[in-house]
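Q: Quick one: this structure, given as structure tokens, is what I'll be asking you about.
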Amino acid sequence: MGSIRFDKVDKVFGPVSGGVKALDDINLEIADKEFVAIVGPSGCGKTTCLRMVAGFEPPSAGIVSVNGKTVTSPGPDRAVVFQQFALFPWKTVRENIELGLRNKNLPRAERDGLVAGALRLMNLESHAGAFPHQLSGGMQQRVAIARAYVLDPEVLLMDEPFGALDAQTRVVMQEELVRLARVNPRTVLFITHAVEEAVYLADRVAIMTRRPGRIKEVLDIRSVRAAENWDRHERIEDVMDLESFVHLRTQIWKSLREEKGPHGA
Amino acid sequence: MQATPLRLREKCAWGALGLLGFIGLWTALSAFGIVPRQFLPSPLDVLARFVHLLTTPFAGATLPQHLASSFQRYAYGVLLAAFIGVPLGLLMGWFRWLDDVVTPLFDGLRFIAPIAWVPFAALWFGVGIGGPILIIFAGAFPPCLINAYRGARFVEPRLIEAARMLGTGHLRMILEILLPAATPSIVSGLRVAAGLGWQSLVGAELIVAAAGVGFMMVQAQANVATPTVMAGMVAIGLVGMAIDVMLRQGEAWLRRRRGLPA
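Chains H and G, in that order, give the protein sequences. Residues 43 to 307 (this note's numbering) are what the first sequence spells out, left to right. Residues 358 to 619 (this note's numbering) are what the second sequence spells out, left to right.
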């Protein structure tokens with residue numbers, strides 16, 4: 043079970059009076075095993091939403107809860123994949139993946155089995171002994187995803203996980219994530235500014251306004267994806283060519299366009 | 358990177374020029390009697406005395422023996438400073454309350470020069486090994502603590518967040534995240550500590566010791582044996598340089614292992 047709930051959440055940075063209001067009255071419910079993407083103009087506070095679920099930042103008002111429990115601190119039930127990977131450079135791939143399991147005090151044999159499974163899942167078997175700096179960006183992000191998945195978290199929080207990757211690697215990783223989501227469905231909160239990525243990956247897409255960020259609308263992709271049978275296509279570009287995909291993408295683009303400043307910034 | 362060998366050779370050439378110039382000036386000053394030879398022996402005198410002292414005892418021991426007793430105190434003092442300073446610095450970097458408790462005290466104490474501990478060192482330990490160790494400790498402790506503290510305090514926040522999200526407890530956080538993240542900073546601190554410790558040592562030995570290079574130099578000064586004083590200075594410089602070179606090598610090795618530019 044892993045549901046996420048934002049209930050009348052505000053976030054103010056800086057002093058309580060006179061601070062910068064980053065988020066204004068966020069209300070959103072993410073059901074168990076649902077994949078929700080938040081898109082929005084940069085600086086709208088979408089990453090802050092994720093950081094509050096992770097327990098890195100408290101809301102200034104309102105409640106963020108996971109499975110009905112108010113979030114107070116970070117924990118392995120809410121695994122985070124960061125944009126800049128955040129791997130420990132002094133630990134090997136295996137050691138990076140294993141740390142969370144050691145923190146759970148699992149016996150050695152059990153850990154080894156789980157790590158081996160995570161390595162296989164992300165095609166990292168031949169790199170288990172490598173250090174992060176010896177790997178490409180795409181490989182590093184695979185490690186970060188493996189590190190999150192191996193914890194068997196209730197929810198997976200992904201903060202622009204492919205934002206630091208080049209275009210080709212990005213596509214591969216997106217396809218990989220869809221594959222993962224089918225094999226091993228999770229509740230996912232996915233932050234991105236790439237509209238295609240959101241439409242391709244998510245069950246629902248929440249669109250945010252400019253600062254102070256509010257949730258403007260939430261689009262259900264699931265019904266269209268099922269009706270148009272996107273899943274019969276293996277490759278992302280084939281899905282992106284579909285009229286239904288293009289239509290949704292344009293709809294979100296227009297909605298975001300309205301949020302751009304007078305100078306189009 | 359092609360220019361590197363030439364650059365290096367050029368650098369060595371300039372360095373040699375500086376050294377030769379210095380020795381030339383020194384030779385001229387003593388050879389032409391500008392400074393009386395009794396007070397400024399020539400480089401050759403010093404070299405001859407240096408070699409002589411390698412085998413012939415002065416003030417109770419040969420130069421290598423004096424160096425050995427100096428080095429022993431030095432090692433104790435610096436190791437003690439590292440074994441207390443580094444863990445304390447890491448703990449202060451993680452536990453804010455400890456930082457609040459220790460920092461004001463430490464900020465006051467660290468401006469007291471190591472030499473200022475000499476009266477206490479003499480009172481408490483006489484000419485025993487404790488005195489110089491205390492003084493070396495006073496010199497080497499601040500950089501150990503400060504660098505471990507800074508290294509721990511300024512770990513990339515994302516790494517701390519990642520570790521917390523993985524459920525990492527305090528002890529493991531300090532040992533497996535803060536310590537390795539702070540290692541480059543700690544090693545730089547140890548290098549500074551090693552240098553300051555070596556300087557403090559010789560200062561201490563001038564006053565509170567019955568053996569060691571500093572002691573040898575004071576005894577020589579009392580006998581107006583200036584070549585011996587200078588041979589001692591040369592020995593101090595050489596050992597100090599050797600310590601620094603070794604620690605630099607260690608630092609570079611560590612950085613290479615991490616995939617960082619050396």
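Heads up, the beta-carbon is just placed ideally off N, CA and C, and yes, glycines get one too.
Decide yes or no for the touch test of the region 554 to 571 of chain G against the region 443 to 451 of chain G: beta carbon pairs closer than 8 Å, at least 3 of them.
A: The region 554 to 571 of chain G is not in contact with the region 443 to 451 of chain G.
Q: With a threshold of 6 Å on Cβ separation, who are the neighbours of glycine 44 (chain H) within its own chain once the five nearest residues in sequence on each side are excluded?
A: Same-chain partners within the cutoff: Asp74, Glu196, Val197, Thr229.
Q: Is any beta-carbon of chain H found at less than 8 Å from that of alanine 519 (chain G)?
A: Interface residue, yes.
Q: Would you grab the beta carbon distance between glycine 82 (chain H) and isoleucine 249 (chain H) for me? Rounded to a whole angstrom, and I think it's under 8 Å.
A: With a Cβ gap of about 7 Å, glycine 82 (chain H) and isoleucine 249 (chain H) count as contacting.
Q: Comparing C-alpha positions only, which one of G:Phe482, G:Asp601, G:Arg515 sits nearest to leucine 545 (chain G)?
A: Leucine is not the amino acid found at residue 545 (chain G); the sequence shown has serine there. Here the closest residue by C-alpha is G:Asp601.
Q: Just tell me which of H:Ile105, H:Ile46, H:Val123 has its CA closest to the CA of methionine 522 (chain G).
A: That would be H:Val123, whose Cα lies nearest to the Cα of methionine 522 (chain G).
Q: What does DSSP give as the partner residues of methionine 200 (chain H) in its beta bridges?
A: Note: methionine 200 (chain H) sits in a beta bridge opposite H:Val123, H:Phe232.
Q: Relative to the alpha-carbon of phenylalanine 396 (chain G), which residue among G:Arg430, G:Val559, G:Arg615, G:Ala579 has its alpha-carbon at the smallest distance?
A: Selected option, being the one with the closest Cα: G:Ala579.
Q: If we ignore side chains and look at the alpha-carbon of each, how far apart do glutamine 429 (chain G) and phenylalanine 130 (chain H) end up?
A: Their backbone Cα atoms lie some 38 Å apart in a straight line.
Q: The alpha helix (DSSP H) spanning glycine 104 (chain H) covers which residue range?
A: Per DSSP, glycine 104 (chain H) belongs to no alpha helix (DSSP H); it is in the beta strand (DSSP E), 103 to 108.
Q: Cα-Cα, which of G:Ile492, G:Gly488, G:Ile486 is closest to alanine 470 (chain G)?
A: It is G:Ile492.
Q: Considering only residues of the region 555 to 605 of chain G, which uninterrupted alpha helix (DSSP H) runs meet the minimum length of 4 residues and lie entirely inside it, listed in chain order?
A: For the region 555 to 605 of chain G, whole alpha helix (DSSP H) runs of length 4 or above, ordered along the chain, are 570 to 579.
Q: Going along chain G, which residues have a C-beta under 7 Å from lysine 146 (chain H)?
A: Per Cβ cutoff of 7 Å: Gly524.
Q: Can you check DSSP and say which residues form a bridge with glutamate 259 (chain H)?
A: Answer by DSSP bridge pairing, in chain order: H:Ile249.
Q: Nearest chain H C-beta to proline 541 (chain G) closer than 8 Å, yes or no?
A: False, the Cβ-Cβ gap to chain H never drops below 8 Å.
Q: Looking only at its own chain, which residues have a Cβ that is under 7 Å from the Cβ of leucine 92 (chain H), when we skip the five neighbours before and after it?
A: Only Leu199, Asp201, Leu231, Ile233 meet the Cβ criterion.
Q: Identify each residue in the region 82 to 115 of chain H for which the Cβ-Cβ distance to at least one residue of chain G is less than 7 Å, and report them in chain order.
A: Residues Ala96, Phe98.
Q: Rounded to whole angstroms, what is the Cα-Cα separation between glycine 60 (chain H) and isoleucine 68 (chain H)?
A: Answer to the nearest angstrom: the Cα atoms are 20 Å apart.
Q: Which first and last residues belong to the beta strand (DSSP E) in which arginine 47 (chain H) is found?
A: Segment 46 to 55, the beta strand (DSSP E) holding arginine 47 (chain H).
Q: What residue range is occupied by the uninterrupted alpha helix (DSSP H) comprising alanine 509 (chain G)?
A: First-last of the alpha helix (DSSP H) with alanine 509 (chain G): 487 to 510.
Q: Enumerate in chain order the residues of its own chain whose CB-to-CB distance from leucine 386 (chain G) is below 7 Å, with the five nearest sequence positions on each side excluded.
A: Closer than 7 Å at the Cβ level, and outside the excluded window around leucine 386 (chain G), lie Val392, Leu397.
Q: Whole alpha helix (DSSP H) runs in the region 66 to 108 of chain H with 4 or more residues, listed along the chain?
A: Taking only runs of at least 4 residues, the alpha helix (DSSP H) segments lying wholly in the region 66 to 108 of chain H are 88 to 96.
Q: Taking isoleucine 534 (chain G) as the query, report the chain H residues whose CB atoms sit under 8 Å from its CB, ordered along the chain.
A: Phe130, listed in chain order.
Q: Does any C-beta atom of chain G lie closer than 8 Å to the C-beta of glycine 179 (chain H)?
A: Not one chain G Cβ lies under 8 Å of glycine 179 (chain H).
Q: Using a 10 Å radius around the Cβ and a threshold of 16 neighbouring Cβ atoms, would you call lysine 88 (chain H) buried or exposed?
A: Result: buried.
Q: Does the distance from the CB of valine 135 (chain H) to the CB of leucine 166 (chain H) come in under 8 Å?
A: Contact: yes.
Q: What residue from H:Gln210, H:Val62, H:Val237 has the CA that sits closest to serine 36 (chain H)'s CA?
A: The structure shown has nothing for residue 36 (chain H), since chain H only spans 43 to 307.
Q: Assign glutamine 359 (chain G) to buried or exposed, taking buried as 16 or more other Cβ atoms, counted over all protein chains shown, within 10 Å of its Cβ.
A: Reliability fails at glutamine 359 (chain G), whose pLDDT of 48 lies under 50, so the model's placement of it is uncertain and the value that follows must be treated cautiously. Burial call: exposed.
Q: Let's test the definition: count the other Cβ atoms within 10 Å of the Cβ of glycine 306 (chain H) and tell me whether it reaches 16, buried, or not, exposed.
A: Here glycine 306 (chain H) scores only 46 on pLDDT, less than 50, and its place in the model should not be relied on; the value that follows carries that caveat. Label assigned to glycine 306 (chain H): exposed.
Q: Using a Cβ cut-off of 8 Å (strictly closer), state whether glycine 306 (chain H) contacts chain G.
A: Residue placement at glycine 306 (chain H) is flagged as unreliable, the pLDDT there being 46, under the threshold of 50; the coordinate-derived value follows with that caveat. No, glycine 306 (chain H) lies away from the interface with chain G (no Cβ there is under 8 Å from its Cβ).
Q: Suppose you measure from the CA of leucine 502 (chain G) to the CA of glutamine 606 (chain G); what does that come to, to the nearest Å?
A: Approximately 22 Å, taken between the alpha carbons.
Q: Short of 6 Å in beta carbon distance, which residues of its chain neighbour leucine 290 (chain H), apart from the five on each side in sequence? Order them along the chain.
A: Here the set comprises Val241.
Q: Could you tell me whether the Cβ atoms of arginine 612 (chain G) and proline 541 (chain G) are closer together than 8 Å?
A: Result yes, Cβ atoms of arginine 612 (chain G) and proline 541 (chain G) sit closer than 8 Å.
Q: Return no unless some Cβ of chain H is closer than 8 Å to the Cβ of glutamate 608 (chain G).
A: With 8 Å as the cut-off, glutamate 608 (chain G) does not count as an interface residue toward chain H.
Q: Please tell me whether valine 586 (chain G) has its Cβ less than 8 Å away from any Cβ of chain H.
A: It does not: the Cβ of valine 586 (chain G) has no partner Cβ on chain H nearer than 8 Å.
Q: Going along the region 452 to 471 of chain G in order, which residues come within less than 8 Å of chain H, judged by CB to CB distance?
A: From the region 452 to 471 of chain G, no residue has a Cβ closer than 8 Å to chain H.
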